[in-house]
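Each number in the numbering used here corresponds to the 1-based position in the sequence shown with 3 added.
We put the beta carbon where it would ideally sit given N, CA and C, even for glycine.
Quantities reported herein were computed from a predicted structural model and do not represent experimental measurements.
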Amino acid sequence: MSEDLYTPQIPDNLNIRFVENRIVINRPAQEVYDWVTTWSNLPKWLPMALGTEVQRGTEGVPAEMGDVLLETIQPELNEKPKLYTVVARVPGKLWTVVGRDVYDDGTLAPAMHAIATFTTFDLGDGTTLFCRLFERLIPDTEPPGPHPVEDPARIQPGLELIKAHVEGTAG
């Protein structure tokens, strides 16, 4: 399996951008899935996440279809908080959320613009391939060029943290 980081296949000046990261984790797929889909674990690995607040669902367990999370973003990114909703879920295998900005006055952006999909693949030897696909719909007002959340090199260390936490080697 290639260790190369994702290379975008479409120009940065289009209205959508993708980033994909993956890692092999030495634990069963269900264990990986349960850990990565538990909202409270997000700030433990995602470099952009400062904090989370479950608005619908149960804290500390894998998020279910329709569960909602408010994610606060690291201040240096100058990003609004994001409200994410689980829209697809195949337990142990696939999990997708869509998100939109929360404005300073607490109102929600009129359109979704972020989609994150986590997949786990049982490799048959007790290990799991974990993949994270993140897609952003780009508003016309945003300058061209990649945003930090679209940088696979910035996200990959987060996947290393997932691996460390799930394998029990995190410090």
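Beta-bridge partners assigned by DSSP to GLU138: PHE21 and ILE118.
Shown here for ARG25: same chain residues with a beta carbon closer than 7 Å to its own, the five before and five after excluded, namely LEU132, PHE133 and CYS134 in chain order. DSSP places LEU45 inside the alpha helix (DSSP H), whose first and last residues are 45 to 48. A straight-line Cα-Cα distance of about 7 Å links GLY60 and VAL71.
Measuring C-alpha to C-alpha distances from ASN81 to each of GLN159, ASP107 and ASN44 identifies ASP107 as the nearest.
With a contact defined as Cβ atoms closer than 8 Å, PRO142 and LEU8 miss out at about 26 Å. Assigned with DSSP and collapsed to three states, GLY171 falls in coil, not helix or strand. Ranked by how close their Cα comes to the Cα of THR40, the residues LYS85, LYS83, VAL22 and LYS96 have LYS96 in first place. Spanning the alpha carbons of THR122 and PRO14 requires a straight line of approximately 25 Å.
In terms of Cβ geometry, ALA112 and ARG103 form a close pair [threshold 9 Å]. Proximity to VAL100 across PRO94, GLY69, ARG20 and ASP125 peaks at GLY69, based on C-alpha coordinates.
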